[in-house]
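The sequence shown begins at -11 in the numbering used here and counts up one residue at a time.
Notes follow once the structure below has been shown.
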Amino acid sequence: MLTLNDYRPIVGDKIISEIYRLARDLYGAKVLHINSTYYGGGVAEMLYTLVPLLNDAGINADWRILRGSEDFFMITKKFHNALQGDHINLSEMKKDIYVRTNEDFSTYCEVDHDAVIVHDPQPLPLIRFYKKRQPWIWRCHVDLSHPNQELWHFLTDFILRYDAVIVSAEYYRKDDLPVEQKVVAPVIDPLTAKNKMLPHTLIHKMLKKNDIPTDKPLITQISRFDKWKDPVGVVEAFKLVRRKTDCRLVLCGSMAPDDPEGWDIYDSVKSKAKTLIESGDVILNTTEHNVLVNALQRSSAVIIQNSTREGFGLTVTEALWKGKPVVATNVGGIPLQIVDGESGFLVEPENSEQLAQRTLEILQHPEMGKHLGERGREDVRQKFLITRMVYDDLKLLRELIG
Ligand code: UDP
């Protein structure tokens, strides 16, 4: 079990001692995190480390998963898309299933904690079904810059009951929401199987086991098969790059249980890249395996993140942490992580030509790619490692319950 002290060699002693100091006023406080999946996606990823480290600091941190039917997750996926700007047919039936699933869950999810932190839209209505005896915080990880107004209005009914809302970037704050809003950027854990150093032998073994040859430079996008990650656009860009230089594309995306659209998107990528898949130059992988993600990131010549919307983009953080050159779209939380031309390249979304051009530049000038990667890694060390989030969470808890 990792403890805060394990992070000393990476982040230094100062932040570790500040965390212990902040926690002093909160010893024994019971804090509950609720989200809707144990794996797949950035939220689960963060909670895996955040919860144990809060416990190590002296907090009684707990983590529960909202259970729901296939219909429920279909609806909340539509909500997720609409929060990021899609149209939605917001029928009474959808609202009813959404709210009722939360009500059902509340009947067997006892809450006697000192603070509750609810992640994303799925468990948002839960608050309505408890007699509130503690602060509740809604942690929204979604890109909120263009929410569908009808849905936003409906969700505001629940959001107003919260004591604070946390968003991932300054520009996600909502002026029309009279609830205290705070900005906390997401983070990665440098010591998990996904991010720690791997021996070369293990990297080769993982790639071999997953039929990923390394005879050509690898271009990789690691992301759920989700339309907002635009994997079809990645294939288009790859086709342009490949006209100029030989390389291979890997699209790696596991299927999260709260994301029912994955296989449809996968199929559209498959038909777009049919002949390249047959020749082995495009590889699609749907395995959920942290060591594979790590091995792939460490073996890639260029890492792409072609999102059209992106709450934050932990895959970008992970790639930068591995010192890799990243070409990513200038959307959502990505520009918080990449300074264009200094720690990676930013491109416009849905612009395969620009994506291809920057990718090619890196492939043709590996030294430049190396410099971009080194700067990116240092930025992540300063701003986006898990210890910073433990610190931010403790600060917030102190304000609310300290
Ligand atoms: N991820 C993974 N396997 C995959 C695809 C994604 O483990 O096949 C992880 C990825 O490494 C990252 C998280 O899921 O830690 C995705 O977080 P991000 O913020 O990039 O996007 P989200 O999925 O939350 O929209």
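Built from N, CA and C at the ideal position, the CB exists for glycine as well.
Quick caveat: nothing in here was measured; it's all calculated off a predicted structure.
{"Check": "Hey, would you say the C-beta of residue 210 is under 7 Å away from at least one heavy atom of the ligand UDP?", "Outcome": "yes"}
{"Check": "What residue ranges within the segment -3 to 63 form continuous beta strand (DSSP E) runs of no fewer than 3 residues, ordered along the chain?", "Outcome": "18 to 23 and 48 to 53"}
{"Check": "Can you check the segment 288 to 336 for any beta strand (DSSP E) of at least 3 residues that lies completely inside it and give the ranges in chain order?", "Outcome": "290 to 293, 314 to 317 and 333 to 335"}
{"Check": "Between which two residues does the alpha helix (DSSP H) carrying residue 189 extend?", "Outcome": "188 to 197"}
{"Check": "Can you say whether residue 51 is buried or exposed, counting buried as having 16 or more other CB atoms within 10 angstroms of its CB?", "Outcome": "buried"}
{"Check": "Would the C-beta of residue 398 count as close to the ligand UDP, meaning under 7 Å from any of its heavy atoms?", "Outcome": "The displayed coordinates of the chain run from -11 to 390. Any statement about residue 398 would go beyond what the structure contains."}
{"Check": "May I ask you to check if the CB of residue 33 is nearer than 7 Å to at least one heavy atom of the ligand UDP?", "Outcome": "yes"}
{"Check": "Report the option in 308, 302 and 361 whose CA atom is closest to the CA atom of residue 28.", "Outcome": "302"}
{"Check": "Confirm the yes/no value for this check: CB of residue 299, any heavy atom of the ligand UDP, distance under 7 Å.", "Outcome": "yes"}
{"Check": "Check whether the Cβ of residue 294 lies closer than 7 Å to any heavy atom of the ligand SAH, and answer yes or no.", "Outcome": "For the ligand SAH, the structure offers nothing, since it holds only the ligand UDP."}
{"Check": "Residue 350 lies in the alpha helix (DSSP H); which residues open and close that run?", "Outcome": "340 to 352"}
{"Check": "Within the present structure, is the beta-carbon of residue 128 separated from the nearest heavy atom of the ligand UDP by less than 7 Å?", "Outcome": "no"}
{"Check": "Residues in the same chain with beta-carbon distance under 6 Å from residue 330, minus the five sequence neighbours each way, listed in chain order, please.", "Outcome": "363"}
{"Check": "Touch check for the segment 233 to 244 and the segment 356 to 370: three-plus C-beta pairs under 8 Å?", "Outcome": "no"}
{"Check": "With a Cβ-Cβ cutoff of 8 Å, do residue 147 and residue 347 count as a contact?", "Outcome": "no"}
{"Check": "Does the ligand UDP have a heavy atom nearer than 7 Å to the CB of residue 303?", "Outcome": "yes"}
{"Check": "Within its chain, find whatever has a CB closer than 8 Å to the CB of residue 326; leave out the 5 residues flanking it on each side and keep chain order.", "Outcome": "304, 308, 314, 316, 332, 333, 334 and 364"}
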